[in-house]
Each structure stands twice: as structure tokens, then as C-alpha cells.
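Counting in my numbering, the sequence shown runs without a single skipped number right up to 506 at its last residue.
Built from N, CA and C at the ideal position, the CB exists for glycine as well.
Have a look at the structure below, then the notes.
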Amino acid sequence: MTTAPITPPRDATSASHADAVVVGSLNMDLVVRTPRAPHPGETLRGRHFSATPGGKGANQAVALARLGASTAMVGRIGDDAYGRALLANLDREGIRCRGVQTSADTETGVAMIQVDDTSQNSIVIIPGSNGELSAADVAGADALLAHARLLVCQLEVPLAAVREALARARRHGTTTLLNAAPAMTLPQDVLALVDWLVVNESEAAALSGHPVGHPDEAVQAIRRLRRSGCRRILVTLGAHGVVAADEDGLHHHPAPRVAAVDTTGAGDTFVGGFATALLRGEAVAAAVREGQAAAALAVTRAGAQASIPHRDELAPH
Ligand code: RIB
């Protein structure tokens, strides 16, 4: 494990390399706004429909880029209109996409998202081409991983690809961050390759085997998870804030108070804000606060990528 919070700036980076590499999913989000969740068997009239770019991997890449980090993406799209739209969108955000492959016979991933008037969402994903991202695809992006300072992964692509990315980054001395979302259990060898683990309540519960809802339960989960070899862990608790653990100890960061309209992508925005601040050389506590500030702004707007702020929208701190 590296001892600094993040890999220091590399000596030489070329135009095709980036400080942050995201290995993860790209989805088209098919979003309906409804007054409330429908009951089983019920037909409900929704208020609004949109098809907008999403996917935890792409969302985190956009958050990194908008908040100031040079960013590259490794993933898979289908050879279809959604795939082309997602790629064009990342390109507009200035994200380097040479690591995004196209599957000939499998459609681009989609997420069916329902957001109700209390700002709660429910999401069903169809992985599509995300499910074909392979260890060989990641091996093909080895130069990106070698020149990056930070690798960011999630769990919407196959675990073999995530493991390959983490192992290659570790060999290259590139700091690794795993946002272990969606919730699942993980093998010990994968957790041991993670420098920064970021999880919400349900993800922390899945990994630790115990319920997590409040800061004291997050502390217990962190103590259990640290036995896996991962020492730096952030547990995000929504309105209860964030518990962060690193070599300096455990700290609770209360959440900013906001009136949420849509929490889709809030966790992705937090990861992007936290990671970008680390890349800028901020201390861990300041990086957590930056992630929280970015996510707090994002939940006041609709959409996943549409809600992610740019750096100049964040108040200086
Ligand atoms: O984290 C939010 C994302 O989860 C959405 O954009 C959707 O695509 C799902 O992957």
C-alpha cells in the first residue's frame, strides 16, 4: 500500500494519458418522474420521461472531469445509438475515451430509474455491454493505468475486470479507489488491492455482514473491513454524513443540509469530488468536505450526470 493519500504527480504525462482513470460502466438512464412508487399491478401516470447519460463509471468520470481532474475512461458500449450518444457525451466533457471498446452484438447498458416526489429513486440496470468488459480489455489499457495517479472502479462491470485493473494499478504504484457499488460481497484478494474503499450504508453492510445506518455502526463496519487489509475507508451515510478512516484515525463529517429533489448519482458525485481534491493535494478531511459539497449541490438538481457541478460552482473552503 502507498503511504501518501495518493500517488504524487508523475514526471511525464502525454496528451493521451490522464491523472485519473475510471474503469466502469456506461448506461443510458431511462428516467421517469412519478408522484409515488406504483403498487404491484398498478398503472400510474408519470410526470416526465428523459433518456440521459449515466452509469456509475461514466458518472464518476464526469464528476472528476467537471471538478478539475484530467480523466480517462475504460469501459464498453454497444454498437447502437445509445452507445454513440454516451461516447459523444464523454468526449464533450473532455474525457479521454480510447479505452472505451464497442461490443458488436450486445446492446449498450441501460438503467430504468424511477424518481418520486420525495426524491427517492429505485433503479433496475440491464448491464448489456458493460457485462462484457474483460480482463483483456483492461490489460489493453495498461499504459493508461501506468501513467495515472488514481484508478477509480465500481462494481457495475465484471469482477474479473475490476480485479485486473486494481492489480495492474497496484503494480504500477497507482493509487486505487473502489466504490463498491452496487452492494455485494467481495473476495479478500480484491479488497486487499484497494487503497481507498468508498461505500454507502447498504454496501458497508454487505461487505461487513452487519447493518449500517448510523455513524457508530459505520465505525464498527470499518473496524471489520480493515481486517481485509484495506486501511482507508469512507462510509457515506446520507443525512448522517460521512465516517472516514485513514492512518490518522476515524473522523465523522456531518452532512450539509439541503432540500433534495433527486439523489441519483449523489454517491458518484461524492467520489468525484473527494478524488479530485486528493489529486489536487488536499488533506483527507478537506477532500471529504469537497465530495460532500459537490454531492449536496447535485441532489438539488434532477438527473445523474446532468446534476454534477463544475468546480467553479463550489464555494471556496
Ligand atoms: O449511481 C447512479 C447510476 O446508477 C445511474 O446513473 C444508473 O445508470 C446506475 O448505474
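- Around the beta-carbon of VAL447, fewer than 16 other beta-carbon atoms lie within 10 Å, marking it exposed.
- The residues ARG255, LEU256, in chain order, have a CB closer than 8 Å to that of HIS499 in the same chain once the five nearest residues on each side in sequence are set aside.
- When the Cα atoms are used, ALA484 and GLY243 turn out to be separated by approximately 16 Å.
- Contact between LEU380 and GLY418 holds, with the beta-carbon distance rounding to 6 Å and staying under 8 Å.
- Pairing ALA475 with ASP268, the inter-Cα distance amounts to about 41 Å.
- For GLN303, the enclosing beta strand (DSSP E) starts and ends at 298-304.
- Residue side-chain check: GLY257 keeps its Cβ at 7 Å or more from all non-hydrogen atoms of the ligand RIB.
- In this structure, DSSP gives GLN290 an extended state, which the three-state scheme calls strand.
- Sequence-distant Cβ neighbours of ALA240 in its own chain, meaning closer than 6 Å and more than five residues away, are MET217, LEU219.
- For LEU334, the enclosing alpha helix (DSSP H) covers residues 331-336.
- Listed in chain order, the non-local C-beta contacts of VAL460 below 8 Å within the same chain comprise GLN249, ALA252, VAL341, LEU366, ASN368, VAL387, GLY480, local neighbours out to five positions each way being set aside.
- For the ligand RIB, a non-hydrogen atom lies closer than 7 Å to the CB of ASN248.
- The ligand RIB has no heavy atom closer than 7 Å to the beta-carbon of ASP305.
- Residue pairing of PHE238 in beta bridges, as defined by DSSP: VAL221.
- In this structure, SER214 has its beta carbon less than 7 Å from a heavy atom of the ligand RIB.
- The count of Cβ pairs closer than 8 Å, one atom from the segment 460-474 and one from the segment 306-324, stays below three, leaving the stretches out of contact.
- Taking the Cα of THR489 as reference, the smallest distance to any Cα among GLY456, LEU468, THR452 is reached at THR452.
- DSSP places GLY267 within a strand segment (E or B) once states are collapsed to three.
- As a beta-bridge residue in DSSP terms, GLY243 pairs with ASN216.
- PRO376 places its beta carbon 8 Å or farther from that of LEU344.
- Counting only unbroken stretches of 4 or more residues, the alpha helix (DSSP H) elements lying wholly within the segment 371-434 are 377-380, 390-397, 404-415, in sequence order.
- In this structure, the alpha-carbon of GLN309 lies about 22 Å from that of GLY298.
- Taking C-beta separations shorter than 6 Å and ignoring five residues to either side along the sequence, the partners of ALA455 in its chain run ALA484, ALA487, VAL488, following chain order.
- Considering only ILE497, GLU502, ALA504, ALA493, the residue with the shortest C-alpha distance to VAL221 is ALA493.
- Here ALA204 carries a coil assignment [DSSP, helix/strand/coil].
- Between the alpha carbons of ALA293 and GLY317 lies a distance of about 11 Å.
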